[in-house]
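Below is one structure, written out as structure tokens, with a few remarks after it.
Residue numbers (the working numbering): 4 to 438.
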């Protein structure tokens, strides 16, 4: 995995050339602007600087801005009156608040909402139907599966639940090829960040020979995590609800195990389910090995469902652990379990505390895919249907990937088809199963 800071000049060149290429292909108007919901990672500064006036507002996600407050301060200094670190998901559930915010930041310009997490989903219908904002809104782009499906906490809805009532296109890039490449690098970042926390807390580290590791959930992030562990000669117990995945893991000589077995035998458990896993099945708490450490690979509210478990009194945070990086909880069975970065009663993924994020050059492709999809929504070529969720068009992805290869892997230039130089953005006929 190449580090971003090794390629500062190349990174800047990639952003600028890709923006110019997208603007040319989409015939993007100068007044188009974007409202972003993104993590507060330091590379975002370079990206935003290349957008110039295209960015109307950036709402930084609390799960990363809370720990990366220095990044938020730098963003606020460099891009005054456009950074909104104090706005959270609950604010945007308030339709009046959301409509007033968008009117304030877009100033009557055409705009797209580009986000991670479905923050605007509860108000999406009202935004599209508003007499002022509706005619200017070109559509929505969501970058995560949770933002599409919603969380399993009973209150956090996703675009899937509201799409049929929205008269604007909605694009999901949660299953795009670019997103899959980016997600592979999140797993290693989680392991490295987890190791740092364990060392600071005077605990064992992940490579400890006496440690038994478990991995629950083997999507893109989970598989990236598994590959990284395997490189360190760690063979964890693994579990996934998909039987085909379990068969694949067993066939590949991984230790596929029943869930109760994994919980009972693992000292360190990585949760990659993307759902309120434990809150939906609180009976699993009694199977977790005493003093095992749970590592959440998304935030605690949508991964383990920690707030719901606390509210239902299935677990109780020990008061002395409020500020601990590894918080101890007591279960109803008087068992002790520990949850990394959950002293706030919510929890978060350890990589979100790292200012650079995963440090992967693949993140740059994801940045530009957001930008290109926003421009595509505003182009005359876009004929995506409203009332349903469409996938990220392949030709949009190809345009971004081509520029990325030319910038960071120029040795691949001869393998690129010359026909892509004249690529024309057109309607993608692929749509997701969500409707």
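Cβ atoms here follow ideal geometry from the backbone N, Cα and C, with glycine treated the same way.
request  = Would you mind working out which of 230, 259, 24 and 288 sits nearest residue 466, comparing C-alpha positions?
outcome  = What the structure shows of the chain is the stretch from 4 to 438, and residue 466 is not part of that stretch, so it cannot be assessed.
key: Identified DSSP bridge partners for residue 41   = Locating residue 41 in the chain shown gives position 38, where the first residue counts as 1. Answer is 63, bridged to residue 41.
query = Buried or exposed: residue 135, going by 16 or more other Cβ atoms within 10 Å of its Cβ?
reply = Translated into the one-based positions of the chain shown, residue 135 becomes position 132. Counting Cβ neighbours within 10 Å, residue 135 comes out exposed, since fewer than 16 surround it.
query = What do you reckon, are the CB atoms on residue 96 and residue 125 nearer than 8 Å?
reply = Translated into the one-based positions of the chain shown, residue 96 becomes position 93. Translated into the one-based positions of the chain shown, residue 125 becomes position 122. Cβ distance < 8 Å, so residue 96 and residue 125 count as in contact.
message = Among the candidates 364, 52, 309 and 122, whose CA atom is the shortest distance from the CA of residue 333?
response = On the chain shown, position 330 is the one that residue 333 refers to. The shortest C-alpha separation from residue 333 is found at 309.
ask   = Does the count of Cβ pairs from the stretch 196 to 206 and the stretch 327 to 343 closer than 8 Å reach three?
value = Yes: the two stretches touch, three or more of their Cβ pairs being nearer than 8 Å.
query = How is the beta strand (DSSP E) around residue 332 delimited, first residue to last?
reply = Numbered from its first residue, the chain shown carries residue 332 at position 329. Counting along the chain, residue 332 sits inside the beta strand (DSSP E) bounded by residues 329 to 334.
message = If distances are taken between C-alpha atoms only, which option among 227, 78, 349 and 321 comes closest to residue 337?
response = Numbered from 1 along the chain shown, position 334 holds the residue referred to as residue 337. For residue 337, the closest C-alpha among the options 227, 78, 349 and 321 is that of 321.
query = Among 143, 114 and 109, which has the Cα closest to the Cα of residue 122?
reply = Numbered from its first residue, the chain shown carries residue 122 at position 119. Per the Cα distances, 143.
request  = Within the stretch 72 to 135, note down every full beta strand (DSSP E) run reaching 3 residues or more, in order along the chain.
outcome  = Along the length of the stretch 72 to 135, whole beta strand (DSSP E) runs at least 3 residues long occupy 114 to 118, reported in chain order.
request  = Within 10 angstroms of the Cβ of residue 239, are there 16 or more other Cβ atoms? Answer buried if so, exposed if not.
outcome  = Indexing the chain shown from 1 puts residue 239 at position 236. Residue 239 counts as buried, since no fewer than 16 other beta carbons sit within 10 angstroms of its beta carbon.
query = alpha helix (DSSP H) containing residue 408: first to last residue?
reply = Here residue 408 corresponds to residue number 405 of the chain shown, with the count starting at 1. If you look at residue 408, you'll find it in the alpha helix (DSSP H) that goes 397 to 411.
request  = With distances taken Cα to Cα, identify the nearest neighbour of residue 264 among 246, 224, 280 and 218.
outcome  = Taking the first residue of the chain shown as position 1, residue 264 is located at position 261. Considering only alpha carbons, the answer is 218.
key: Under the three-state DSSP convention, the category residue 258 falls into   = As a first step, residue 258 is located in the chain shown; it is residue number 255 there, counting from the start. Per DSSP, reduced to three states, the secondary structure at residue 258 is strand.
ask   = What number of angstroms, rounded off, separates the C-alpha of residue 415 from the C-alpha of residue 360?
value = Translated into the one-based positions of the chain shown, residue 415 becomes position 412. Translated into the one-based positions of the chain shown, residue 360 becomes position 357. Rounded to whole angstroms, residue 415 to residue 360 spans 27 Å at the Cα level.
query = Whose C-beta lies closer than 8 Å to the C-beta of residue 368 among residues of the same chain, with five residues either side of it excluded?
reply = As a first step, residue 368 is located in the chain shown; it is residue number 365 there, counting from the start. Contacts found: 181, 184, 185, 403, 404 and 407.
key: DSSP state of residue 394 mapped onto helix, strand, coil   = Reading the chain shown from its first residue, position 391 is the one you call residue 394. The DSSP-derived three-state label of residue 394 is strand.
inquiry  = Rounded to the nearest angstrom, what separates residue 426 and residue 354 at their Cα positions?
reply    = Walking along the chain shown from the start, residue 426 turns up at place 423. Walking along the chain shown from the start, residue 354 turns up at place 351. Bear in mind that a pLDDT of 47 at residue 426, under 50, signals an unreliable position, so the model cannot answer this.
ask   = Should residue 243 be labelled buried (16 or more other beta-carbon atoms within 10 Å of its own) or exposed?
value = The residue given as residue 243 occupies position 240 in the chain shown. Around the beta carbon of residue 243, 16 or more other beta carbons lie within 10 angstroms, which makes this residue buried.
task = Note down, in chain order, each residue of its chain lying with its Cβ closer than 7 Å to the Cβ of residue 147, except the 5 sequence neighbours on either side.
result = Residue 147 sits at position 144 when you count from the first residue of the chain shown. Excluding positions up to five away in sequence, the list reads 119, 120 and 177.
request  = Between the Cα of residue 294 and those of 370, 207 and 230, spot the shortest distance and give me the residue it belongs to.
outcome  = Indexing the chain shown from 1 puts residue 294 at position 291. Looking at the Cα atoms, 207 is the closest of the given residues.
query = Where does residue 394 land, buried or exposed, given buried means 16+ other C-beta within 10 angstroms?
reply = Residue mapping note: residue 394 aligns to position 391 of the chain shown, counting from 1. By the 16-neighbour rule on beta-carbons within 10 angstroms, residue 394 is buried.
query = Would DSSP call residue 52 helix, strand or coil?
reply = Indexing the chain shown from 1 puts residue 52 at position 49. Residue 52: helix per DSSP, three-state reduction.
task = Determine the extent of the alpha helix (DSSP H) in which residue 168 is found, giving its start and end residues.
result = Reading the chain shown from its first residue, position 165 is the one you call residue 168. From DSSP, residue 168 is part of no alpha helix (DSSP H); its letter is neither H nor E.
ask   = Which same chain residues, not among the five before or five after residue 370, have their C-beta less than 6 Å away from its C-beta?
value = Taking the chain shown and counting its residues from 1, one reaches residue 370 at position 367. A distance below 6 Å between beta-carbons, with the five flanking residues on each side excluded, links residue 370 to the following residues of its chain, in chain order: 50.
message = Please list the terminal residues of the continuous beta strand (DSSP E) segment that includes residue 341.
response = For this step, residue 341 is matched to residue 338 along the chain shown. Per DSSP, residue 341 belongs to the beta strand (DSSP E) from 339 to 343.
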